[in-house]
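Residue numbers (full-length UniProt numbering): 1 to 233. For every residue, glycine included, the Cβ atom is placed at its ideal position computed from N, Cα and C. Note that this is a predicted model, so its numbers are computed, not measured.
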Ligand SMILES: N[C@@H](CCC(=O)N[C@@H](CS)C(=O)NCC(=O)O)C(=O)O
């Protein structure tokens, strides 16, 4: 059984009234918010590599404690990682950082062709997000549909497994938290099944949903559906 499948009791979120943990005491801490898909990326990497003991999860509420930007991360965003006396942010950088600097199974294959494709897909993820979110105010089925087609095509590239590079990798981690939300939101808002006519995407979502490292990280539709309606429609 993979280390990532060990069930973890999730700590409660810290809010504006909470005292800070003993910052820079040598503990490695991953600051997240349970509903943040960017933070979710790094949380999945941590789980997949079996780093539950090495990287302590520190969830913080939307109602942020003042010490978070003041003493830790002036950008005041999540995720951030406190490691070796430094604080690092930005989820795509952190996916790579945690994969490279900690023990556990690698999330990038050795195959150079797969590595090149990984860079391409990781670099595209911001554009993917921007295009899907901006489509909400336009023609979402058509405009976001083109983005889901991009994923479908990418999933056809390697046939030695159901993931973007065949095996589970940094690329799946980067896209999964968002596709999870888009699938539910498109169904709720426009009665549109984003997997319809996209068989590879359908299977990918199915296997992602069964991945132990991912399961405990899933977002809550009760939170993001109204948030998307308010913010992007
Ligand atoms: N580009 C950043 C985005 C992170 C981000 O926007 N996080 C949100 C929560 S999901 C946040 O902390 N927002 C607070 C703010 O922007 O003040 C990343 O990839 O890590």
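Contact belief for residue i with residue j at Cβ below 8 angstroms, rounded distance in angstroms
i	j	result
residue 34	residue 59	5 angstroms
residue 13	residue 53	Not a contact, Cβ separation roughly 21 angstroms.
residue 169	residue 109	7 angstroms
residue 147	residue 132	5 angstroms
residue 82	residue 46	About 13 angstroms; that fails the 8 angstroms criterion.
residue 122	residue 174	6 angstroms
Cβ neighbour criterion (16 or more within 10 Å) applied to residue i
i	result
residue 156	exposed
residue 1	Confidence in residue 1 is poor, its pLDDT being 39 and thus under 50, which makes the residue's placement unreliable; the coordinate value appears in the next sentence. Answer is exposed; the Cβ neighbour count stays below 16.
residue 40	buried
residue 223	exposed
residue 118	buried
residue 9	exposed
residue 160	exposed
residue 4	With a pLDDT of 46 at residue 4, under the threshold of 50, the modelled position of this residue cannot be trusted, and the question is left open.
residue 266	Because the chain spans 1 through 233 in this model, residue 266 falls outside it and cannot be assessed.
residue 49	buried
residue 106	exposed
beta-carbon residue i near ligand 2 non-hydrogen atom, thresh 6 angstroms
i	result
residue 155	As presented, the structure is devoid of ligand 2, carrying ligand 1 as its sole ligands.
| field | Residues surrounding ligand 1 [beta-carbon distance to nearest heavy atom under 5 angstroms] | value | 36, 38, 77, 78, 90 and 91
| field | Length-filtered (4 minimum) alpha helix (DSSP H) runs lying within the stretch 29-110 | value | 37-48 and 91-101
| message | Just to confirm the assignment: which complete alpha helix (DSSP H) runs, minimum length 4, are found wholly within the stretch 114-145? | response | none
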